[in-house]
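Chains as they are written, first to last, in our numbering: chain A, 119 to 191; chain B, 10 to 381. All C-beta atoms in this analysis are idealised placements derived from N, C-alpha and C, irrespective of residue type, glycine included. Quick caveat, the model's predicted, so the values are computed rather than measured.
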């Protein structure tokens, strides 16, 4: 049986993770938006990140937004 | 006693104790190793409870481990069960990898999705989200080639829900509110599919028959152009299984065979009292040989319930011994709910025709048959 990995970031590690990516300041200043609905990403509505190879994109936890990042990446 | 003798007696006692202690530790380690290899998901569930308790003292450390092992264990156990019920589906094991140290460059290069996992207090959200991601990304990769949007969504939603069956009410409620209801509101067809699949699953036929047939169909379609009309045939097959699932207990005058263009399967119900009391498996062999095989049926599901299970095993043995053109794939014990609401133990033995036809194109007449 093979293994499939789902990559995740744990709640407590989120601030440090964003700092490592150089995005903490923008995040704290409300400059990061959901790729799909345009809502400002906050610690409450942050769902996940993905990339198109050029930039890191964010997704909020609204159902209609998160289903868009499901599926093969 | 001489001090030298005393010393040597003590040394001998010490080495005996050391040896027996070493053996005991080795046996215990080997036993846990065996459990880890044989029942990895059960071990993870037990471990998750240990992390859960330890998180009361080591809050962050224990909680993080609890979330990871509980997700892998509970969902993994369901995935293991699905693999047993649907042969050749080969659903992969689930692994959660925390990537807090991942660099910006690595994320850009890999283009992977990184999902946030909530603390243990909101773990039901984690369960629902990971179940949905797993199903959408990995479970039916080979099957999705021949499903249309509504079929894919309906099957994915229903499967994710079924993965959460043993994860507690709050995970199911979260899933229902955040995934099922929005999808059902947007599409009546998806809602309809989910309802039909639930009826099929209540009867114990979702993974062992429906998903199994989709796997067989997937094997036919793999690396081939998807023929027009295949979605209609699948739709018709779902209706057939739904109607079969709704039958009353003891009802035998119901359509038991689906002889489509690319899906060709039949149920053999080991339920008739007269045949059971006579204890003659020959009737079933004759039915397969004279009625199903000439129709080109490819999958034979021998079903038996309650007190018939023993006889069903004998029928399956006799089929295996007497019919050269089919071979046994597997025997699955499951639970079935009849239309009167009673839950009964059941057995499904799957035989497969050795002569499987290649993928067929759909003709004009097939379109009419499948409702287009």
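Inter-residue spacing [alpha-carbon to alpha-carbon] between residue i and residue j
{"i": "residue 330(B)", "j": "residue 276(B)", "result": "19 Å"}
{"i": "residue 261(B)", "j": "residue 101(B)", "result": "38 Å"}
{"i": "residue 126(A)", "j": "residue 263(B)", "result": "49 Å"}
{"i": "residue 72(B)", "j": "residue 79(B)", "result": "10 Å"}
{"i": "residue 171(B)", "j": "residue 310(B)", "result": "22 Å"}
{"i": "residue 325(B)", "j": "residue 77(B)", "result": "42 Å"}
{"i": "residue 2(B)", "j": "residue 338(B)", "result": "With chain B covering 10 to 381 only, the question about residue 2(B) has no answer from this structure."}
{"i": "residue 381(B)", "j": "residue 372(B)", "result": "The predicted position of residue 381(B) is uncertain, since its pLDDT is 43 and thus under 50; a value taken from the coordinates is nonetheless stated next. Cα-Cα distance, rounded: 12 Å."}
{"i": "residue 191(A)", "j": "residue 120(B)", "result": "Because residue 191(A) carries a pLDDT of 47, less than 50, the predicted location of this residue cannot be relied on, and the following value inherits that uncertainty. Distance between the alpha carbons of residue 191(A) and residue 120(B): 7 Å."}
{"i": "residue 74(B)", "j": "residue 56(B)", "result": "9 Å"}
{"i": "residue 53(B)", "j": "residue 115(B)", "result": "29 Å"}
{"i": "residue 387(B)", "j": "residue 245(B)", "result": "Nothing about residue 387(B) can be read from this structure; chain B reaches only from 10 to 381."}
{"i": "residue 148(A)", "j": "residue 68(B)", "result": "29 Å"}
{"i": "residue 129(B)", "j": "residue 192(B)", "result": "27 Å"}
{"i": "residue 62(B)", "j": "residue 121(A)", "result": "28 Å"}
{"i": "residue 187(B)", "j": "residue 124(A)", "result": "20 Å"}
{"i": "residue 162(A)", "j": "residue 108(B)", "result": "20 Å"}
{"i": "residue 279(B)", "j": "residue 164(B)", "result": "29 Å"}
{"i": "residue 117(B)", "j": "residue 199(B)", "result": "35 Å"}
{"i": "residue 185(B)", "j": "residue 259(B)", "result": "34 Å"}
{"i": "residue 127(B)", "j": "residue 159(A)", "result": "16 Å"}
{"i": "residue 182(A)", "j": "residue 134(A)", "result": "28 Å"}
{"i": "residue 350(B)", "j": "residue 32(B)", "result": "54 Å"}
{"i": "residue 208(B)", "j": "residue 171(A)", "result": "43 Å"}
{"i": "residue 157(A)", "j": "residue 136(A)", "result": "18 Å"}
{"i": "residue 23(B)", "j": "residue 40(B)", "result": "25 Å"}
{"i": "residue 183(B)", "j": "residue 367(B)", "result": "43 Å"}
{"i": "residue 87(B)", "j": "residue 173(B)", "result": "8 Å"}
{"i": "residue 332(B)", "j": "residue 317(B)", "result": "22 Å"}
{"i": "residue 129(A)", "j": "residue 36(B)", "result": "39 Å"}
{"i": "residue 383(B)", "j": "residue 14(B)", "result": "Limits of chain B in this structure are 10 at one end and 381 at the other, which puts residue 383(B) out of reach."}
{"i": "residue 66(B)", "j": "residue 173(A)", "result": "40 Å"}
{"i": "residue 131(B)", "j": "residue 28(B)", "result": "48 Å"}
{"i": "residue 328(B)", "j": "residue 234(B)", "result": "36 Å"}
{"i": "residue 166(A)", "j": "residue 58(B)", "result": "27 Å"}
{"i": "residue 34(B)", "j": "residue 48(B)", "result": "21 Å"}
{"i": "residue 314(B)", "j": "residue 352(B)", "result": "10 Å"}
{"i": "residue 248(B)", "j": "residue 241(B)", "result": "11 Å"}
Whole-Å CB distance - residue i paired with residue j, under 8 Å assumed
{"i": "residue 187(A)", "j": "residue 168(A)", "result": "5 Å"}
{"i": "residue 133(B)", "j": "residue 169(B)", "result": "The pair is not a contact, with the Cβ atoms about 13 Å apart (cut-off 8 Å)."}
{"i": "residue 50(B)", "j": "residue 89(B)", "result": "6 Å"}
{"i": "residue 159(B)", "j": "residue 202(B)", "result": "6 Å"}
{"i": "residue 272(B)", "j": "residue 312(B)", "result": "Between residue 312(B) and residue 272(B) the Cβ distance is about 18 Å, and since that is not below 8 Å, they are no contact."}
{"i": "residue 348(B)", "j": "residue 255(B)", "result": "6 Å"}
{"i": "residue 335(B)", "j": "residue 362(B)", "result": "6 Å"}
{"i": "residue 175(A)", "j": "residue 153(A)", "result": "4 Å"}
{"i": "residue 175(B)", "j": "residue 83(B)", "result": "6 Å"}
Pairs of beta-carbons, one from the segment 226 to 236 of chain B and one from the segment 155 to 163 of chain B, closer than 8 Å: are there three or more? yes
How do the segment 89 to 107 of chain B and the segment 334 to 344 of chain B stand: do at least 3 beta-carbon pairs fall below 8 Å, yes or no? yes
Counting only runs of 4+ residues fully inside the segment 218 to 267 of chain B, write out the alpha helix (DSSP H) ranges in chain order. Runs of the alpha helix (DSSP H) inside the segment 218 to 267 of chain B: 221 to 230, 239 to 254.
Given 8 Å as the limit, is there contact between the segment 140 to 150 of chain B and the segment 140 to 155 of chain A, that is, 3 or more CB pairs closer than that? no
Would you mind listing the alpha helix (DSSP H) stretches within the segment 273 to 339 of chain B that are 4+ residues and don't spill past its ends, in chain order? 282 to 287, 291 to 296, 318 to 331
Do the segment 263 to 274 of chain B and the segment 292 to 311 of chain B touch if we need at least three Cβ pairs shorter than 8 Å? Judged by Cβ distances under 8 Å, the segment 263 to 274 of chain B makes contact with the segment 292 to 311 of chain B, as three or more pairs qualify.
Compile a chain-ordered list of the residues in the segment 110 to 142 of chain B whose CB is closer than 9 Å to at least one CB of chain A. Legend: CB atoms of the segment 110 to 142 of chain B lying less than 9 Å from CB atoms of chain A belong to residues 110, 111, 112, 113, 116, 117, 118, 119, 120, 121, 122, 123, 124, 125, 126, 127, 128, 131, 134, 135, 138, 139, 141, 142.
Along the segment 199 to 230 of chain B, what residues have a CB closer than 8 Å to any CB found in chain A? none
Residues, ordered as in the chain, of the segment 91 to 110 of chain B that lie near chain A by beta-carbon distance below 9 Å: 92, 99, 100, 101, 102, 103, 104, 105, 106, 107, 108, 109, 110
Cβ contact (3+ pairs, closer than 8 Å) linking the segment 351 to 362 of chain B and the segment 208 to 228 of chain B: Cβ pair count under 8 Å is three or more, so yes.
Does the count of Cβ pairs from the segment 101 to 117 of chain B and the segment 33 to 46 of chain B closer than 8 Å reach three? no
Cβ-based contacts, 7 Å cut-off: residues of the segment 45 to 75 of chain B near chain A: When C-beta distances to chain A are compared with 7 Å, the residues of the segment 45 to 75 of chain B below that value are 69, 73, in chain order.
Which runs of the beta strand (DSSP E) fall wholly inside the segment 111 to 135 of chain B and span at least 3 residues, in chain order? 123 to 126
Residues, ordered as in the chain, of the segment 174 to 194 of chain B that lie near chain A by beta-carbon distance below 7 Å: 187, 188, 191
Counting only Cβ-Cβ distances shorter than 7 Å, please list the residues of the segment 145 to 166 of chain B near chain A, keeping chain order. 145, 146, 147
Near-chain B residues of the segment 124 to 154 of chain A - C-beta to any C-beta below 9 Å: Those would be 124, 125, 126, 127, 128, 129, 130, 131, 132, 134, 135, 138, 139, 140, 141, in chain order.
Where in the segment 149 to 202 of chain B do unbroken runs of the alpha helix (DSSP H), each at least 4 residues long, occur, reported from the N-terminal end onward? 158 to 172, 178 to 184, 190 to 195
What alpha helix (DSSP H) runs, 4 residues minimum, are completely inside the segment 138 to 164 of chain A? 142 to 146
Report the residue ranges of all beta strand (DSSP E) runs contained in full by the segment 45 to 112 of chain B; include only those spanning at least 3 residues, in chain order. 102 to 107
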